[in-house]
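Participant:
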Amino acid sequence: MIALAIALTGVLGWATISLARHEVKIQVDGKELHHKTFKRTVGDVLTEAGVQVKTIDRVTPDADEKVTDGMKVLVERAFPVYLVADGSIDTIYTTKTSVKDVIELASLSLGEKDRVNPSLDSIVEPDCEIRVTRVVEDTITEQFSIPAASERKADSSLVKGQQRVVREGTPGEGERQIQVVYEDGKEVARKTIQEQVVRAPVSRIVAYGTTSSISRGGNVIRFRKSLQMRATAYGPSTGSYTATGHKVARGMIAVDPRVIPLGTRLYVDGYGYGRALDVGGGHQRQPDRCFSPFRGRVPQVGCSHC
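Numbering (the working numbering), first residue to last: 1 to 306.
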């Protein structure tokens, strides 16, 4: 009777041990291992099977899960990806996951306008680079000058060729709102979103002559063109003949032929009638030089009419 009890106990003990043994499939490093074990947790099974797992690797199911017969255990090795943001490069170890998950793993916050490349839903690969570009939009205010326009008014009190400033112009002032876009602190774009006039400009008004005749000593002198210039005198000592080959005499006037053609009949206030038969020294754009037997008899300022 005692021997029978011992035998039964041995049979029951063997049955209990047999039921606790499980077969587990382990997928790791591109291989599938079939492992039989009496271990209770996934972590213990991996240790028993000689599979080294780092804390950065991912194990599915979790290492503390209880083992069941036929269980499949997946070990995913962590690999480095490089996160470029805010002027620095951080190395993040992760497994196959999305860009968004990597950014969350790095505790990196994103602004509403920030740009991420690759996109957030992309799956990362070993040694890939994730670049975060900080995008900031700002609105600034700029003042600008509004140039004054110029207006011309006919004035019959002035002879042709003469003009007079009636009113000096004053530039206006404007203000514009500009949207500026910065990427990683550098300006990349700007556009005007609003513009307004703060002070309107005042136009410059210039009166121009329309009269083609003048009265001098009771005589009416008609002309085609009037020039405001300075007239000076020169005498015989400067040469006996003009540039056109005429012997110098009163009424001969030296001009700049680029302004007044040689041969043009002129009337110079304070001097009288004359003709352009000589040229100024150096052929520069000079005022009239009126020949006079006596120097200094021509006014320093006058108006030539031709």
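A virtual CB, placed ideally from N, CA and C, is assigned to each residue, including glycine.
Because the structure is a prediction, the values reported are computed rather than measured.
1. Among 133, 172, 208, 178, which residue has its Cα nearest to the Cα of residue 163?
2. When you compare the CB of residue 109 with every CB in chain C, is at least one pair closer than 8 angstroms?
3. Please return the same chain residues whose Cβ sits closer than 6 angstroms to the Cβ of residue 183, not counting the five positions on each side in sequence.
4. Taking a contact to mean a Cβ-Cβ separation below 8 angstroms, would you say residue 83 touches residue 108 in this structure?
5. Count the other CB atoms within 10 Å of the CB of residue 285; is the residue buried (16 or more) or exposed (fewer)?
6. Of all the alpha helix (DSSP H) runs that stay within the bounds of the stretch 57 to 113, which reach a length of 4 or more residues?
7. How is residue 277 classed by DSSP in three states: helix, strand or coil?
8. Buried or exposed for residue 278, going by 16 or more other Cβ atoms inside 10 Å?
9. Thinking residue 23 and residue 86 are a contact (beta carbons under 8 angstroms), I'd like their distance in whole angstroms, please.
10. Identify, in the order they occur along the chain, each residue of the same chain with its Cβ nearer than 7 angstroms to the Cβ of residue 274, setting aside the five sequence neighbours on each side.
11. Identify every residue that forms a DSSP beta bridge with residue 266.
12. With a threshold of 6 angstroms on Cβ separation, who are the neighbours of residue 243 within its own chain once the five nearest residues in sequence on each side are excluded?
13. Can you round the beta-carbon distance between residue 95 and residue 58 to whole angstroms, since I take them to be within the 8 angstroms contact cut?
14. Does DSSP put residue 283 in a helix, a strand or coil?
15. Put residue 121 into one of helix, strand or coil per three-state DSSP.
Facilitator: Working from what's here:
1. Closest by alpha carbon: 208.
2. You won't find chain C in this structure, because it holds only one protein chain.
3. Only residues of its own chain outside the window of five on either side were considered, and among them 133, 135 have a CB closer than 6 angstroms to the CB of residue 183, listed in chain order.
4. In this structure, the beta-carbon distance from residue 83 to residue 108 falls below 8 angstroms.
5. Note that residue 285 has pLDDT 47, beneath the 50 cutoff, so the model's placement of it is unreliable and no number is given.
6. Qualifying alpha helix (DSSP H) stretches, in chain order: 99 to 105.
7. Strand.
8. With 16 or more other Cβ atoms within 10 Å, it is buried.
9. About 50 angstroms separates the two Cβ atoms, so there is no contact after all.
10. Closer than 7 angstroms at the Cβ level, and outside the excluded window around residue 274, lie 251, 252, 253, 266, 268, 290.
11. Paired residue(s): 274.
12. Taking residue 243 as the centre and dropping the five residues before and after it, the same chain places the C-beta of 278, 279 closer than 6 angstroms to its C-beta, in chain order.
13. Confirmed, about 4 angstroms.
14. Because the pLDDT at residue 283 is just 45, under 50, the model does not fix this residue reliably, and the point stays unresolved.
15. For residue 121, the three-state secondary structure derived from DSSP is coil.
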